[in-house]
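K.L.:
Just passing along the structure, written as structure tokens.
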């Protein structure tokens with residue numbers, strides 16, 4: 033998968049995370065059940081402690097952020113693109129995590145988002161007023177999985193510091 037496409041998927045993921053209200057967001061009060069982000073024709077299992085399980089329809093690509101961090105002007109003190117980019121790199125793991133799908137190793141690529149313009153919703157994860165605008169940059173170790181066959185699949189991410197296991201269920205009507 034071209035790096036630019038992976039950058040765009042990571043940008044879509046972080047934009048969706050930051051623009052999703054807290055109650056529907058695993059980084060807010062939504063909990064692990066809200067950790068399957070729909071990015072259009074792609075689903076991303078993603079949360080502070082991973083995603084336990086996502087059910088998808090056949091033909092759905094899976095965007096896996098084996099590790100990712102973002103920095104934004106909502107959190108401060110960084111305000112420039114260069115500062116946000118350096119912050120996101122520092123906040124993420126330094127080396128590529130190990131990723132397996134059904135026991136088979138899958139390579140991950142190191143990518144960064146472009147500078148993202150974010151508009152916060154009501155009840156956002158930062159507790160700021162609805163409509164607050166800010167900037168964000170994300171860094172990540174990612175891959176885009178082609179659609180998996182119908183059935184149950186296991187994704188295991190090992191960062192060296194933690195292991196996250198996600199079950200992907202591919203079923204019609206999912």
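In our numbering, the protein residues as written are 33 to 206. For glycine and all other residues, C-beta sits at the position ideal for the given N, C-alpha and C.
Three-state secondary structure (DSSP) at residue 204?
P.N.:
Taken through DSSP and simplified to helix, strand or coil, residue 204 comes out as coil.
K.L.:
Quick check: the region 36–56 against the region 142–149, are at least 3 beta-carbon pairs closer than 8 Å?
P.N.:
A contact between stretches requires three or more CB pairs, one per stretch, nearer than 8 Å, and the region 142–149 meets this requirement with the region 36–56.
K.L.:
Among 62, 164, 81, 161, which residue has its Cα nearest to the Cα of residue 198?
P.N.:
81
K.L.:
Throw me the rounded Cβ distance for the residue 191 and residue 153 pair, which I believe falls under 8 Å.
P.N.:
Rounded, the Cβ-Cβ distance is 30 Å, inconsistent with contact.
K.L.:
Go ahead and pull the three-state DSSP assignment for residue 144.
P.N.:
Correct three-state label for residue 144: strand.
K.L.:
Whole-angstrom Cβ separation of residue 96 and residue 175, contact assumed at under 8 Å?
P.N.:
Residue 96 to residue 175, Cβ: 5 Å. Contact.
K.L.:
Which of the three DSSP states is assigned to residue 56 in this structure?
P.N.:
In the structure shown, residue 56 sits in a helix (DSSP, three-state: H, G or I).
K.L.:
If distances are taken between C-alpha atoms only, which option among 89, 46, 92 comes closest to residue 79?
P.N.:
46
K.L.:
From residue 101 to residue 183, what distance separates their C-alpha atoms?
P.N.:
31 Å
K.L.:
Spatial neighbours of residue 75 within its chain, please: CB distance less than 8 Å, with the 5 preceding and 5 following residues excluded, ordered by chain position.
P.N.:
If we look at residue 75 and ignore the five residues flanking it on each side, its Cβ neighbours are 68, 69, 86, 88, 92, 93, 94, 95.
K.L.:
Once the 5 residues before and after residue 195 are set aside, which same chain residues still bring their CB inside 8 Å of it?
P.N.:
188, 189
K.L.:
Please name the residue in 137, 48, 36 whose C-alpha comes closest to that of residue 156.
P.N.:
48
K.L.:
Please return the same chain residues whose Cβ sits closer than 7 Å to the Cβ of residue 140, not counting the five positions on each side in sequence.
P.N.:
98, 128, 129, 131, 173, 174, 175
K.L.:
Does the beta-carbon of residue 104 have 16 or more other beta-carbons within 10 angstroms, so that it is buried, or is it exposed?
P.N.:
buried
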